[in-house]
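Just so you know, the sequences run in chain order A and B. In terms of the working numbering, the first sequence has 336 at position 336, counting the first letter as 1, and numbering is strictly consecutive. In terms of the working numbering, the second sequence has 231 at position 231, counting the first letter as 1, and numbering is strictly consecutive. Worksheet: the structure to be examined is printed underneath.
Number of protein chains: 2
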Amino acid sequence: MNNEAQNKMKEFKEYINKIEYLNSAASLLYWDMSVNMPKKGVEYRGKVLGHLTAEIYKLETSDTMKEYLEYFSKIDDLDEVHKSMIKSLKKNYELSKKIPEEKFKEYTILTTQAEAAWEDAYAKSDFSLFQPYLEKIVAFNKEFVEYWGYKGNKYNTLLDKFEEGITVDKLDNIFSELREALVKLLDKIKNSNVKIDESIFKNNFSKEKQEQLSKLILEKMGYDFEAGRLDESIHPFTIGFNRKDVRITTNYCDKDLRPALFSSIHEGGHAIYDQDISEELYGTGLGDGASMGVHESQSRFYENILGRSKEFWTYFYTEVKKIFQEFKDVSLEDFYRGMNVVEPSLIRVDADELTYSLHVIIRYEIEKGLINGDIEVENLPEVWNAKYKEYLGIEPSNDKEGVLQDNHWAGGMIGYFPSYALGNIYGAQFFNKMKQDIPDIFKQIEKGNFEVIHEWLKENIHKYGAVYTPSELIKKVTGEELTAKYFIEYLNNKYSKIYNL
Amino acid sequence: MNNEAQNKMKEFKEYINKIEYLNSAASLLYWDMSVNMPKKGVEYRGKVLGHLTAEIYKLETSDTMKEYLEYFSKIDDLDEVHKSMIKSLKKNYELSKKIPEEKFKEYTILTTQAEAAWEDAYAKSDFSLFQPYLEKIVAFNKEFVEYWGYKGNKYNTLLDKFEEGITVDKLDNIFSELREALVKLLDKIKNSNVKIDESIFKNNFSKEKQEQLSKLILEKMGYDFEAGRLDESIHPFTIGFNRKDVRITTNYCDKDLRPALFSSIHEGGHAIYDQDISEELYGTGLGDGASMGVHESQSRFYENILGRSKEFWTYFYTEVKKIFQEFKDVSLEDFYRGMNVVEPSLIRVDADELTYSLHVIIRYEIEKGLINGDIEVENLPEVWNAKYKEYLGIEPSNDKEGVLQDNHWAGGMIGYFPSYALGNIYGAQFFNKMKQDIPDIFKQIEKGNFEVIHEWLKENIHKYGAVYTPSELIKKVTGEELTAKYFIEYLNNKYSKIYNL
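Encoded structure:
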């Protein structure tokens, strides 16, 4: 960049910094709302958040933004980071600008109403109350796709919003391979003679002790408590106000040790990612994960591949026994098996590591059908139930445990679900490379040397933030295109041992 | 207002709402920084707060603001609230605009540096390290007074910033009357035979139990926990994000029950005020206390007049004994006396109800002298120590427990201290009227009927927010001009009984 361009870039980053400051403030308002806020504060908080969001939108879609983007689109010697910065801001600018402002406002109002309608429908377990809203949301999304344009399948455009470069063609291949493998493995497990005793995890565990264990593990994993904190909220989540203040929440269940424990590890995986992002990316808009799916790959890697491995607990089990004398007479093997029970279930968020992806694939197939007009909203409950029957062998007895269980669609998030399963796939593919780079990795885990894993993730993935698209990143890290093969291999290996297949 | 003016007012309130939303967000950022933030978050948080503050400043001093103010200055049928709204926003606008922007920036940088220098000087107990900064701050304030203009004494302009309508003439009268009375009463107490045993309060009190007691009392006082919460921070404070989310903090001392207890009650007084402000004042800029002094009158009323009264503890002492068995054998009388010990001391924030105002009067006299050129910064330690000797009969042995103890001046707050003593005076004057309106008030307190007090404060003071200036309010509520007579009377009565004078 010549001098003029360099100065202009400095200015532009100041401009982006302002957006990031407002995002940081909005995130705190949101965090506080979930963790601390007294109940009467909600109405005004909504207004404050609404104002900040509107200000952010203004800055992201302003003429100033347009001028900067036009200027830098003509500069041809941008380095990798700045090239990515301009590309990503431009994408965001166009996503917003191509939709007429009136449409966008209507849609915002619609999703707010739809969320309320969903709550009501969910409480009453009655899809028909939500149906008219969902119909409108689907119609809007179809219209948006026309505004944005599409290549190949219409659903591609929505997928690309959340997972750049992912297409229906790719997902059809990957998900059908995965689905077949999962259904096959699940069948074998159903016929296995091994019965796992989960009751060891069902007892009265005090919140204080659960918190103690979560903190101990998080600390050891590499989560920096001087740049974060652990709190409680109804739904566990991770939120960063900047890379030096990334907070996680969990939710304690006093009758089962697992939910809070694995939520903490899961959110810890997200948070470590955010804490590791290079500080140089402040003011570029790239100080975030590469995508929702890549972010999920980190949380699921920590939660499942690491956090439900025998080696992990070989290291931690002594600590567990110190805190909870309930496990005095429980063997490590039983403890390990108890956290790896596979059991088809109806609710995605409670699903085990194996069946989880099937829940996601069902949603993917439905979304694709809705956007392409192959499935109508009014038929959703039947379509839903039939797919559960087919893939998982069980059927919801009502809408609440079926089609109404998630609120993503009410919020207008269509195209987002696949990222959850992609997270598993990315995670296993990364792990495969990690094992090549660190041949004695399982020994290291047993010894509690999580530093070596954290360092690998930081250097190969985390520090880059959103500089690379998911497909660029997976190629850069593993040398291969995205493939489900490592995830399938991993599951087959792990569960063949556990279930003696 | 005609139709045009009404519409314009609606627009204007939308504009003010935006300022209030940003203030609400900034307040949460600040609260979180004191209560929750992990230590590495501080640098970025400073930037976010800096950005929001700058945005607020821009909106408060914009041409849009100027146009609205000019428009409404010409409308002559504004009602009381809107008249006050325009007056108050205009005052604020002019305070900001009359200072050249460059000067203001310089001053902001100076105070940031001065705060750091004060911290260093305080840690080393060496005034000379802070002196050059304070000299500059005083010089700036003198210059500001010239920009802003003044009537009579130059210090009037600074007083008026915090306590509209208060002048040196008024304060000289009021404070000299108060000072004489306090010094006289203090002398008698020093010569009293009554010795109070404070040791009953010095024990090991768990944080959990202290919190339990604070919450119980706050709830009963009328603090709405559905519109607030109690947390811990190093320095206790109250902060509102809107009237339905007003939070307080306290600081637990495990060796003395009193500090956290009375901080909680004090902050509760502030918070109840904020919670009671009429919702109609949203978007007027008047949704705050009438002044810093009036705010302090509410906190001190609850903390001292109510919270250190025999009647208050007649009601609560059973609860205290239930929570702390340490008081099993302590009589109510001893408990009451133990929280009303009078003892000249060096540190303002730790001072008792009686001597507290003397600390403030000393600062008032010094500030007045500095701004009028009668006292030089370099002589401050001697001036300070001499005044402590004269009014309180004790002398600091170093700067840390003397002139360096408060950081108000480092932050550029000159003219603010008097509000602390005015709070006591307002409080007693309000209370005098309250006793006339509720003749059996002491009976009501003994029965724990704090509702009647809360209601009186709400209807007479709280709900009006900042619609009235402090002098308008005191006149409106009590029918009299501000006078120290009721505060002096109250102290004489109370302490004559306690110390058998």
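Glycine included, C-beta positions come from ideal geometry on N, C-alpha and C. All values derive from a computational prediction rather than experimental measurement.
Q: Hey, could you find the ends of the alpha helix (DSSP H) T157 (chain B) is sitting in?
A: In the DSSP assignment, T157 (chain B) falls within the unbroken alpha helix (DSSP H) covering 155-162.
Q. So, helix, strand or coil for D245 (chain A), using DSSP?
A. Strand.
Q: Return the residues of the region 223-244 of chain A that lie within a Cβ-Cβ distance of less than 9 Å from chain B, sorted by chain order.
A: Flagged, chain order: D224, F225, E226, A227, G228, R229, D231, F241, N242, R243, K244.
Q: Using a Cβ-Cβ cut-off of less than 9 Å, list which residues of the region 40-60 of chain A approach chain B; keep chain order.
A: So the close ones are K40, G41, V42, E43, Y44, R45, K47, V48, L49, G50, H51, L52, E55.
Q.
Going by DSSP in three states, K202 (chain B) sits in which element: helix, strand or coil?
A. Here DSSP, grouped into helix, strand and coil, assigns K202 (chain B) to strand.
Q. Applying the criterion that 16 or more other CB atoms from any shown protein chain within 10 Å of the CB defines a buried residue, is Y436 (chain B) buried or exposed?
A. Correcting the residue type first, residue 436 (chain B) is Gln in the shown sequence and not Tyr. Q436 (chain B) is exposed by the Cβ-count criterion.
Q. Y21 (chain A) touches chain B at which residues, Cβ-Cβ below 8 Å?
A. The contacting residues are K47, V48, H51, L52.
(Q) Looking only at its chain, what residues have a beta carbon closer than 8 Å to the beta carbon of V81 (chain A), apart from the 5 residues adjacent to it on each side? (A) Excluding positions up to five away in sequence, the list reads E280, L281, T284, L286, V467.
Q: Name, in chain order, the residues that DSSP records as bridge partners for E232 (chain B).
A: Answer is B:T250, bridged to E232 (chain B).
Q | Residues that I99 (chain A) bridges to, as DSSP identifies them | A | Residue pairing for I99 (chain A): DSSP places it in no beta bridge.
Q. From N141 (chain A) to Y147 (chain A), what distance separates their C-alpha atoms?
A. Distance from the CA atom of N141 (chain A) to the CA atom of Y147 (chain A), rounded to whole angstroms, is 10 Å.
Q) Quick one: is L28 (chain B) near chain A, going by C-beta distance under 7 Å? A) Cβ-Cβ to chain A under 7 Å: yes for L28 (chain B).
Q. What whole-angstrom Cβ distance do F262 (chain A) and E198 (chain A) have, given they're in contact under 8 Å?
A. Wrong, their Cβ atoms sit about 14 Å apart, outside the cutoff.
Q: Could you check the C-alpha separation between K220 (chain A) and L306 (chain A) for me, to the nearest Å?
A: Cα atoms of K220 (chain A) and L306 (chain A): separation of roughly 13 Å, rounded to the nearest angstrom.
Q. What number of angstroms, rounded off, separates the C-alpha of T167 (chain B) from the C-alpha of Y150 (chain B)?
A. If you take the alpha carbons of T167 (chain B) and Y150 (chain B), they lie about 11 Å apart.
Q) Quick one: Cα of N17 (chain B) to Cα of I461 (chain B), how far? A) So the two alpha carbons sit approximately 23 Å from each other.
Q. What number of angstroms, rounded off, separates the C-alpha of L346 (chain A) from the C-alpha of T355 (chain A)?
A. Taking the straight line joining both Cα atoms gives about 10 Å.
(Q) Report the CB separation of F324 (chain B) from K209 (chain B) in whole angstroms; it is logged as a contact under 8 Å. (A) Contact flag correct, Cβ pair sits at about 6 Å.
Q. What's the call for H454 (chain B), buried or exposed, on a 16-neighbour Cβ count within 10 Å?
A. Burial call: buried.
**Q.** One or two residues paired with G240 (chain B) in a DSSP bridge
**A.** DSSP, once it has assigned bridges, lists B:V246 as partnering G240 (chain B).
Q) Over what stretch of residues does the alpha helix (DSSP H) that includes P259 (chain A) continue unbroken? A) Taken as a continuous stretch (DSSP letters only), the alpha helix (DSSP H) holding P259 (chain A) covers 258-276.
Q: Provide the residue span of the alpha helix (DSSP H) that contains N23 (chain A), from first to last.
A: Taken as a continuous stretch (DSSP letters only), the alpha helix (DSSP H) holding N23 (chain A) covers 3-35.
Q. Ordered along the chain, which non-local residues of its own chain (more than five positions away) have a Cβ less than 7 Å from that of Y71 (chain A)?
A. The beta carbon of Y71 (chain A) sits closer than 7 Å to those of K8, all from its chain and outside the five residues before and after it, given in chain order.
**Q.** Neighbouring residues, chain A, relative to D32 (chain B) (Cβ below 8 Å)
**A.** In chain order: L28, D32.
Q.
Please tell me whether S345 (chain A) has its Cβ less than 7 Å away from any Cβ of chain B.
A. It does not; no Cβ of chain B falls within 7 Å.
Q: Could you tell me which chain A residues have their CB closer than 7 Å to the CB of A25 (chain B), listed as they occur along the chain?
A: Going along chain A in sequence order, the residues near A25 (chain B) (Cβ under 7 Å) are A25, L29, V48, L52.
Q. Given that K18 (chain B) touches chain A, what residues does it touch there, using C-beta distances under 9 Å?
A. Within chain A, the residues near K18 (chain B) are H51, E55.
Q: Tell me the start and end of each unbroken alpha helix (DSSP H) in the region 402-473 of chain A that is at least 4 residues and wholly inside, in chain order.
A: Listed in chain order, the alpha helix (DSSP H) runs fully inside the region 402-473 of chain A are 418-437, 441-446, 451-460, counting runs of at least 4 residues.
Q: Compare the C-alpha of N500 (chain A) against each of A:R243, A:L186, A:S357, A:S88 and name the closest.
A: A check of alpha carbon separations from N500 (chain A) across A:R243, A:L186, A:S357, A:S88 identifies A:L186 as the nearest.
Q) Is it a yes or a no for the region 115-135 of chain A touching the region 391-403 of chain A, going by three-plus beta-carbon pairs under 8 Å? A) Using a Cβ-Cβ distance cut-off of 8 Å, the region 115-135 of chain A and the region 391-403 of chain A are in contact, since at least three pairs of beta carbons, one from each stretch, lie closer than that value.
Q: Starting from E55 (chain B), trace the alpha helix (DSSP H) both ways and give me its first and last residue.
A: Here the alpha helix (DSSP H) through E55 (chain B) covers 42-60.
Q | Opening and closing residue of the alpha helix (DSSP H) in which P132 (chain A) lies | A | Annotation: the continuous alpha helix (DSSP H) that includes P132 (chain A) extends over 127-148.
Q | Closer than 7 Å to chain B by CB, P418 (chain A) | A | Answer no: the Cβ-Cβ gap between P418 (chain A) and chain B never drops below 7 Å.
Q: Could you round the C-beta distance between H270 (chain B) and T238 (chain B) to whole angstroms and report it? I think they count as a contact, below 8 Å.
A: 4 Å between Cβ atoms; contact.
Q. Since M37 (chain B) meets chain A, which of its residues come closer than 7 Å, beta carbon to beta carbon?
A. Result: D245.
**Q.** Inter-residue CB distance, S419 (chain B) and E296 (chain B) (contact presumed, cutoff 8 Å)
**A.** S419 (chain B) to E296 (chain B), Cβ: 6 Å. Contact.
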